[in-house]
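The opening residue of the sequence shown carries number 15 in the numbering used here; numbering runs sequentially from there. Here is the structure we will look at.
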Amino acid sequence: MSTDTLTPPEPGTATTPKGSLLGSARVLLRVHRRSLWAAGALLVLCLGAVPGLLLWVRSQSSKELCPDGDMTPCGDDVYLTTPARSITESYLAYGGSAVLLLSVLVGAFVAGPLIARELESGTFRMAWAQSVSPARWLAARLAVPAALGVAGISALCLVYRWGWTEIRRTENTYDPSWWQGGVFPGIGPAAVGYLLFGVAVGALCALLIRRMLLSMAVTVVVFGVAVTGFTERRWMLWPTDQVTGRGWMLDRHDWITEWGMRTASGERVLWEHCDLDSGDKVAAVCMADRGVLTLFVDYHPASHLWPLQLVETGILLALAALATCAAFRLLRRLHG
């Protein structure tokens, strides 16, 4: 009579329990490998675009001409132009939007194929029947896209910031300002905040709606609302500096958030109150009627970049944490 024997694993080899988080992550990577390869190819394309464009600019640097075709310096108010520089500056002016696009795509992927599709089709029961708890099942679907997304978005952010810095070193050229909506998300830690926010919102929408296409659509809408809110109100995240009177000078990259006149009592008369764009005479009469005395300008200098980045990142991470906690609580309530 023969007896079966168990052969112990060889020294140095590791075994992964079937129901472990690592095991679930490996299954996800194998099942969605085609999507991962496509995302990797898109990331490589975005990463390679910046150095490729900068090399093109340098190769055309000897051909930079003033608008009149003269090779002499153009002056402070005229920018050197070449097709390579124009295209590169346009890309860098909206390159931060690539960070937002990647973040919302990851969020929609989490909401749709990773979670909602399994809930809609019922295939999640197979995983839960194989010693994978619901909490571990959800944790794997959050950890894998979050880890891969943070790595990819960090690399994209570093390359984009390098390209943005390089193009700003050239004098007499237009270069995108740090506060522009297409630049700001791609040059600091807010990029990671947006990625994690997209992942968390995607998971919560999937558990609430449980329909793949609708979950993806709602995720995109919620993400878009958040981006719009930050773009419109970002200047409020940190106190502005102010200059008053005449004779002051601001850097062309300072972010002017408000301007107007101040009365003797300290009342602020904003530009829209007297329609300063309607003409000097009309505005002067309006200002005189209100008793204004001095001009004021509220602005964010370049030194406010990092405070604004850190505050926005903190808000995004807090929202992501709340959405993640809500997703786990919802899953526990529905499935134990």
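Glycine included, each C-beta is placed from N, C-alpha and C at the ideal position. The structure presented is a predicted model; accordingly, all values stated were derived computationally and were not measured.
Listed in chain order, the non-local C-beta contacts of residue 133 below 6 Å within the same chain comprise 224, local neighbours out to five positions each way being set aside.
Residue state for residue 256 is assigned as strand, using DSSP reduced to three classes.
When secondary structure is reduced to three states using DSSP, residue 201 falls in the coil class, being assigned neither helix nor strand.
Spatial neighbours of residue 258 in its own chain (CB-CB distance under 6 Å, excluding positions within 5 residues in sequence) are listed in chain order as 308 and 310.
In this structure, the beta-carbon distance from residue 181 to residue 189 falls below 8 Å. The Cβ atoms of residue 117 and residue 167 lie closer than 8 Å to each other. As DSSP reads the structure, residue 313 sits in a beta bridge with 255 and 270.
Note that the segment 64 to 75 does not touch the segment 38 to 46; fewer than 3 beta-carbon pairs, one per stretch, sit closer than 8 Å. For residue 284, the pairing in a beta bridge is given by DSSP as 274.
Bridge partners of residue 137 according to DSSP: none are assigned. When the Cα atoms are used, residue 246 and residue 203 turn out to be separated by approximately 19 Å.
When the beta-carbon positions are compared, residue 38 and residue 150 come within less than 8 Å of each other. Setting aside the 5 residues that flank it on each side, residue 326 is surrounded in the same chain by 204, 207, 244, 248 and 251, each with a C-beta closer than 8 Å to its C-beta; the list follows chain order. Straight across, the Cα-Cα distance linking residue 277 with residue 284 is about 11 Å. In this structure, the beta-carbon distance from residue 216 to residue 122 falls below 8 Å. For residue 229, the uninterrupted alpha helix (DSSP H) run begins and ends at 226 to 247, by DSSP. Take residue 57, set aside five residues on each side of it, and the residues of its chain with a beta-carbon closer than 7 Å to its own are 166 and 170, in chain order. Boundaries of the alpha helix (DSSP H) harbouring residue 158: 148 to 182, taken from the DSSP string. Ranked by Cα distance from residue 162, the first of 319, 324 and 53 is 53.
In this structure, the beta-carbon distance from residue 197 to residue 130 does not fall below 8 Å. Distance check between residue 59 and each of 265, 211 and 173 places 173 closest, using alpha-carbon atoms only.
The alpha-carbon separation between residue 112 and residue 260 amounts to approximately 40 Å.
Only residues of its own chain outside the window of five on either side were considered, and among them 211 have a CB closer than 6 Å to the CB of residue 333, listed in chain order.
Going by beta carbons, residue 218 and residue 341 fall inside the 8 Å limit.
For residue 271 and residue 36, the gap between their C-alpha atoms comes out near 48 Å.
A distance below 8 Å separates the beta carbons of residue 156 and residue 338.
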